[in-house]
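Enquirer: Got a structure for you, written out below as structure tokens; questions coming shortly.
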Amino acid sequence: MRKASLKRRSSQTGSGAMLLLALAGGLWPLDAHAASVSPGPQQASSAATPVSIHEESTMKIHLRLDGATLTATLLDTPAAKDFIDLLPLTLTLKDYAATEKVADLPRKLSTEGAPAGFKPDIGDITFYTPWGNLAIFYRPFRYSTGLVPLGRIEGDIAPLKASGPLQVEIIRAQDEGGRP
């Protein structure tokens, strides 16, 4: 089974050498997300592109949950712009692997120009392409193929650590009567 899995991954990356480099460098994710990943052409071409969630952006959103409002800044990327076009959204966030809160989105987001994967940190808002869901991290996690950064929550993320499903309303910051 392991050999078949490696052979399949090798053919997806285009060469056995690429697979060996990824495994040796710890870049190939061996997590639950990675089990269902099959990178698309745009992902394979940008595998070596580092991504910073701290890029300049002016797109602000608010996440209202459990009596708290969290503010986040979205990246200036096609995926983040596509996400903001879905707003306002009300979603049910469910815990996944005691690391992140996830929720299904009404549709998949654009992955134009997106990196092959991403290494999330606390407060990162991401889109997981294979499942088409939103993933908000309350713990750091290893690099995961198919994870696309959307933005980052500013400040305390404590409300996300609450156990059980959380109802969240996500809106553009300017949709609150012009307040930042």
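Our numbering applies: residue 41 is where the sequence shown begins, and numbers increase by one.
Built from N, CA and C at the ideal position, the CB exists for glycine as well.
On a predicted model such as this, the values are computed, not experimentally measured, just so you know.
1. For a quick check, are the C-beta atoms of Ala112 and Glu194 less than 8 angstroms apart?
2. Short of 7 angstroms in beta carbon distance, which residues of its chain neighbour Ile162, apart from the five on each side in sequence? Order them along the chain.
3. By the 10 Å Cβ neighbour count, where 16 or more other Cβ atoms means buried, how is Ser203 classified, buried or exposed?
4. Out of Leu174, Gln207 and Leu115, which has the shortest C-alpha to C-alpha gap to Asp144?
5. Classify Ala200 as helix, strand or coil using the three-state DSSP reduction.
6. Mind listing, in chain order, the continuous beta strand (DSSP E) runs of no fewer than 3 residues lying wholly within the stretch 126–165?
7. Among Leu110, Tyr168 and Thr151, which has the Cα closest to the Cα of Thr121?
8. Taking the alpha-carbon positions, what's the Arg104 to Arg192 distance?
9. Among the residues of its own chain, which have a CB less than 8 angstroms from the CB of Ile124, if the five just before and after it don't count?
10. So for Pro189, helix, strand or coil by DSSP?
11. When you compare only the Cα positions, how much space is there between Pro207 and Leu133?
12. What are the residues that DSSP puts in a beta bridge with Ala175?
Expert: Well, looking at it:
1. Residue mapping note: residue 112 aligns to position 72 of the sequence shown, counting from 1. Residue mapping note: residue 194 aligns to position 154 of the sequence shown, counting from 1. Contact flag set, yes.
2. Stepping through the sequence shown from its first residue, residue 162 is reached at position 122. The residues are Phe177, Tyr178, Arg179, Pro180 and Ile197.
3. Within the sequence shown, residue 203 is the residue found at index 163, counting from 1. Exposed.
4. Position 104 of the sequence shown, counted from the first residue, corresponds to residue 144. Measuring from the Cα of Asp144, the nearest candidate turns out to be Leu174.
5. Taking the first residue of the sequence shown as position 1, residue 200 is located at position 160. In the sequence as presented, Ala is not what sits at residue 200; that position holds Leu. DSSP places Leu200 in helix when its eight states are reduced to three.
6. 129–136 and 140–144
7. Against the sequence shown, residue 121 aligns to sequence position 81. Reading the sequence as shown, one finds Lys at residue 121 and not Thr. Minimum Cα distance to Lys121 is reached at Thr151.
8. Translated into the one-based positions of the sequence shown, residue 104 becomes position 64. Translated into the one-based positions of the sequence shown, residue 192 becomes position 152. Each residue's alpha carbon lies about 15 angstroms from the other.
9. Within the sequence shown, residue 124 is the residue found at index 84, counting from 1. Excluding residues within five positions, the ones whose Cβ falls inside 8 angstroms are Met99, Ile101, Leu114 and Arg212.
10. Here residue 189 refers to the residue found at position 149 of the sequence shown. Correct three-state label for Pro189: strand.
11. Residue mapping note: residue 207 aligns to position 167 of the sequence shown, counting from 1. Residue mapping note: residue 133 aligns to position 93 of the sequence shown, counting from 1. Before going further, note that residue 207 is Gln rather than Pro in the sequence given. Those two C-alpha atoms are separated by around 6 angstroms.
12. Reading the sequence shown from its first residue, position 135 is the one you call residue 175. Answer by DSSP bridge pairing, in chain order: Val142 and Thr166.
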